[in-house]
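Asks: Questions regarding the structure given below will be posed in turn.
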Amino acid sequence: QSWQEISPSQKNAPSFRGGHSTAWLSGHLLVYGGARCVPMCKCLDDAWLFNPERRSWAQLQSAEESEPARPVARYRHSSVVADNKLLIFGGESYRFAQDYHSDLWQMELLHGAGLVRELL
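So the sequence shown is numbered by the working numbering: it starts at 1286 and just counts up by one.
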């Protein structure tokens, strides 16, 4: 067994980050949140889907999108995909110094996010 780097076929990809979560959805890698700490730390709340066959990324949710209710941007959280939903729990953010969370959120992946349907 050996490692092989997978380079995306396009420039559109998630920004560098740490403390994000990943999950597997129908043969695709789902990446959510995390933090970017150069030069100062900023938490992220974007969601990305990677298609390994096409070697391409698609953004499912961006920080600019305004929704009536959405989780606070965070890192060091846990996530899982179940029944076509992304569930995230807990984590930390930098809203007020260091803020810890114990909330649970879900995002519908196959009905509300048309991009997922297109990629699958």
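Cβ atoms here follow ideal geometry from the backbone N, Cα and C, with glycine treated the same way. Note that the structure is a prediction, hence the values are computed from the model and not measured.
Ignoring anything shorter than 3 residues, give me the beta strand (DSSP E) runs that lie fully in the stretch 1315-1384, in order along the chain.
Replies: DSSP runs (the beta strand (DSSP E)) wholly in the stretch 1315-1384: 1326-1336, 1341-1346, 1363-1367 and 1370-1378.
Asks: Within 10 angstroms of its Cβ, does R1355 collect 16 or more other Cβ (buried), or is it exposed?
Replies: By the 10 Å Cβ count, R1355 comes out exposed.
Asks: Have a look at N1369, G1375, L1315 and Q1391 and flag the residue whose alpha-carbon is nearest the alpha-carbon of Y1385.
Replies: Nearest of N1369, G1375, L1315 and Q1391 to Y1385, Cα basis: G1375.
Asks: Cβ atoms of L1371 and L1394: under 8 Å apart, would you say?
Replies: Contact flag set, yes.
Asks: Give every residue of the same chain whose Cβ lies closer than 6 Å to the Cβ of H1243, excluding the five residues on either side of it in the sequence, and list them in chain order.
Replies: What the structure shows of the chain is the stretch from 1286 to 1405, and residue 1243 is not part of that stretch, so it cannot be assessed.
Asks: DSSP three-state label for W1390, please.
Replies: Three-state DSSP puts W1390 in a strand.
Asks: Excluding five sequence neighbours on each side, which residues of the same chain lie with their C-beta closer than 7 Å to the C-beta of S1387?
Replies: Taken in chain order, the residues that qualify are G1375.
Asks: Determine the closest residue to R1340 out of V1365, H1313, V1366 and R1321, with distance taken between C-alpha atoms.
Replies: When only C-alpha atoms are compared, the closest one is H1313.
Asks: Select from W1309, W1390, V1357 and P1337 the residue whose C-alpha is nearest the C-alpha of C1328.
Replies: Nearest option by C-alpha distance: V1357.
Asks: If you reduce the DSSP assignment to three classes, tell me which class A1298 lands in.
Replies: Note: A1298 maps to coil in three-state DSSP.
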